Amino acid sequence: MAEKKTEEKTDEKKGGKMKIIIIAVVAILVLAGVGVGAYLMGASGSGKEAPEVVPVEAAKETAVPPVGPMVTMDDFIVNILDAEGTRYLKASMTLELESPEALAEVEERKAQVRDAILLYLSSKTFDEIRDLQGKLQLRADLIGRLNGLLSSGKVKTIYFTDFVVQ
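Per the working numbering, the sequence shown starts with residue 2, numbered consecutively.
This is the structure we're talking about:
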């Protein structure tokens with residue numbers, strides 16, 4: 002009987018120590034979780050300011066300007082100049098215009114607009130249009146030529162939707 006009482010006391014001591022260890026581990030994990038959560042959420046006093054909220058009215062002022070009327074041109078396939086042989090350029094583009102009046106004029110004079118673009122594209126060399134700077138220059142030159150052709154409106158920009166050189 003004395004042995005049973007000793008074993009029970011030993012078991013109670015082991016069980017009591019085990020409960021204390023488990024409670025301590027759980028408490029440490031909870032505190033660590035709270036600390037990590039506070040860090041990730043940006044607890045107050047962290048020195049960081051809250052992001053500035055822009056009012057809707059201010060956002061409207063910085064909005065992108067409206068897109069003008071668009072005209073999609075048929076594909077252009079032209080021979081381009083190259084010292085190494087024959088090369089072809091296939092270009093598709095959409096013209097963005099400043100006004101509906103310009104849209105009406107481009108539709109009315111579409112043959113003249115296509116002719117001006119074809120002649121200009123066929124005068125280019127491969128070296129002039131092969132890099133980004135060349136394509137940007139080509140766009141600027143075409144806008145200038147087309148604006149010289151139109152009388153009641155202007156071309157705002159040209160979007161190349163396809164541009165292949167072979």
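Note that the Cβ used here is the ideal one computed from N, Cα and C, for glycine as well.
This structure is a prediction, so every number in the text was calculated from the model and none was measured.
Looking at glutamate 97 and valine 68, is the spacing between their C-beta atoms short of 8 Å? Counting from 1 along the sequence shown, the entry for residue 68 is found at position 67. Counting from 1 along the sequence shown, the entry for residue 97 is found at position 96. Contact: yes.
Bridge partners - isoleucine 159, DSSP secondary structure assignment: Within the sequence shown, the letter at position 158 stands for residue 159. Among the bridge pairs identified by DSSP, isoleucine 159 is matched with Leu96.
If we call anything under 8 Å between Cβ atoms a contact, is lysine 136 one with isoleucine 130? For the purposes of this step, residue 136 is taken as the residue at position 135 of the sequence shown. For the purposes of this step, residue 130 is taken as the residue at position 129 of the sequence shown. It is a contact, given that the beta carbons lie within the stated cut-off.
Range covered by the alpha helix (DSSP H) that runs through valine 107: Indexing the sequence shown from 1 puts residue 107 at position 106. For valine 107, the uninterrupted alpha helix (DSSP H) run begins and ends at 101-109, by DSSP.
Pick helix, strand or coil for arginine 115, following the three-state DSSP scheme. One-based indexing of the sequence shown puts residue 115 at position 114. DSSP places arginine 115 in helix when its eight states are reduced to three.
If you follow the beta strand (DSSP E) that valine 79 is part of, which residue opens it and which one closes it? Within the sequence shown, numbered from 1, the residue matching residue 79 stands at position 78. That run of the beta strand (DSSP E) goes 77-81.
Taking all protein chains shown into account, decide if methionine 19 is buried (16 or more other Cβ within 10 angstroms of its Cβ) or exposed. The residue you call residue 19 lines up with position 18 of the sequence shown. Answer is exposed; the Cβ neighbour count stays below 16.
Just to confirm, are threonine 162 and methionine 71 a CB contact at a threshold of 8 Å? Translated into the one-based positions of the sequence shown, residue 162 becomes position 161. Translated into the one-based positions of the sequence shown, residue 71 becomes position 70. No. Outside cutoff.
Determine which residues share a DSSP beta bridge with phenylalanine 164 and list them. Reading the sequence shown from its first residue, position 163 is the one you call residue 164. The partner list for phenylalanine 164 (beta bridge, DSSP) reads Ala92.
Rounded to the nearest angstrom, how far is the Cβ of arginine 146 from that of alanine 103, given a contact under 8 Å? Stepping through the sequence shown from its first residue, residue 146 is reached at position 145. Stepping through the sequence shown from its first residue, residue 103 is reached at position 102. In fact, because the Cβ distance is near 15 Å, the residues do not count as touching under 8 Å.
From the DSSP output, read off the bridge partner residues of methionine 71. Within the sequence shown, residue 71 is the residue found at index 70, counting from 1. Looking at the DSSP assignment, methionine 71 forms a beta bridge with Glu97.
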